[in-house]
Structures are given as structure tokens and as C-alpha cells.
Ligand SMILES: [Zn+2]
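Put into C-alpha cells, the structure is as follows:
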């Protein structure tokens, strides 16, 4: 039995349509590639398989239970639904974004991870792993994604794309944009030769400073 609010579910469906169009506009996917989802209580709202994002309406967004049972779906849910569900279970996130973005795919085919080329990578939990190649839609891909995202909020899927997660869709989506930007920046740096990479100690220092400043904001901000 689920305890999800129908108004919240409708809002999630509308939000998924709006972010699907951003996915195209920001170059994170083409056509109907990639997929995004939002968890509302025990229900996951996810983009359908095979409908172009430009034609998507809120009623087309599929609803599935945490075990994958389809609850209300005029369309077939995304082929990567098992991967989304596995990431929710492993991370406790409330939104998942799966992109087919070019910089990330190019890196995935050539490198074992995205190293710390810029301190903002701490926003993803540190250097981002490239998970081994597994066929789209397979249980193996869901497993590889979960292993790769452990301790992070992003994972790159070799010869495929990337997955990011967050406490809401805005955060998961911003992380997808950040990941693509970092991959782009790393490729530019490689064109000069072997770039300098931030050490774990330097990243720890950044993470500690961010925590300290957040504490300050909470202390000084409105109640
Ligand atoms: Zn995909």
C-alpha cells in the first residue's frame, strides 16, 4: 500500500515533462534518449519509453511501485526503470536523472574515471567512477550503476551515459549538468598534456569548508 499524495504525484509528472524538455535544450540527450524519475513516497514517476520529449504530456508519465509493478501507465515505462529503482533503494534519493550526454560518453569510452579536475566535483562526492559496460535495460546495468554510485551522487556508464541522483529533481538535474561540464573541462585540460588533479586531501579541505559555510548560513539565515 502506498501513502503517496495524488497532488504531489501530479506535480511530479508535470515537473518531469518540464525537465525532459530541458534535457534536450541542454544537450544532455537527443530524441527520447535518457530518462528521468521522481520518487513520491512509495511511488516512482518515470518518463515513458519511446515518446519524444517534445511530445510528452504529464498524463504520459508512468507510475511504478518500488518493486517495479506498473500502477498507472498509459505508456510503457522507461526501459531503464530497474536501474532507477535500484538507485533509489541503494541511495535513498528522491530523484534520478539518466543522460546520454556527449562529453560523459566520450570520457566513458576512454577513461576509468572522471578525476578531480575542479573542486566542484565534491558536489558529486568526489571523482566519478566509470561503471563497466552492460546492455541497456539489463539487471546487470542496474547492478553496475549501483556499485559505481556508492558514496557518490553520480556514476558514468561506459559507452552509454550517466546517472545522477539527488534529494529532488532540481538537485539531480544540476548534478547531471555539473558532471557534463566537468567532463568537458577535463577533455579541454587533456589537450594541453597531462593535467594536474586535486588530491584527496585538497578535496577533503574543500568539503570541510563547504560544511563550515553551510553551518554559517543556517546560523545566520532566517528561521
Ligand atoms: Zn540510457
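In my numbering, the protein residues as written are 12 to 234.
The beta-carbon is built from N, C-alpha and C at its ideal position, and this holds for glycine as well.
In this text, all values refer to a predicted model and were calculated from it rather than measured experimentally.
Query: Going straight from the alpha carbon of residue 172 to that of residue 111, what length do you get?; Result: 4 Å
Query: Could you have a look at residue 12 and say whether DSSP puts it in helix, strand or coil?; Result: The predicted model places residue 12 with a pLDDT of 44, which falls under 50 and marks its position as unreliable; any figure quoted below should be read in that light. Coil.
Query: Going by alpha carbons, who is nearest to residue 25 out of 36, 113 and 49?; Result: 49
Query: What residue ranges within the stretch 87-147 form continuous alpha helix (DSSP H) runs of no fewer than 4 residues, ordered along the chain?; Result: 92-102 and 113-119
Query: Since I believe residue 125 is in contact with residue 167 (beta carbons under 8 Å), could you give me their beta-carbon distance rounded to a whole number of angstroms?; Result: 6 Å
Query: Give the DSSP-derived three-state secondary structure of residue 41 in the structure shown.; Result: coil
Query: Going by alpha carbons, who is nearest to residue 77 out of 186, 99 and 220?; Result: 99
Query: So does residue 213 have its beta carbon nearer than 7 Å to some heavy atom of ligand 1?; Result: no
Query: Taking the alpha-carbon of residue 149 as reference, which of 89, 138 and 227 has the nearest alpha-carbon?; Result: 89
Query: Please report how far the alpha carbon of residue 179 lies from the alpha carbon of residue 103, in whole angstroms.; Result: 11 Å
Query: Any heavy atom of ligand 1 within a distance shorter than 7 Å of the CB on residue 91?; Result: yes
Query: What are the start and end residues of the alpha helix (DSSP H) that includes residue 151?; Result: 150-160
Query: Do the CB positions of residue 15 and residue 53 come within less than 8 Å of each other?; Result: yes
Query: Taking 7 Å as the cut-off, does the CB of residue 38 come closer than this to any heavy atom belonging to ligand 1?; Result: no
Query: Where residue 132 and residue 147 are concerned, what is the direct C-alpha to C-alpha distance, given to the nearest angstrom?; Result: 26 Å
Query: Please state whether the Cβ-Cβ distance between residue 141 and residue 163 is less than 8 Å.; Result: no
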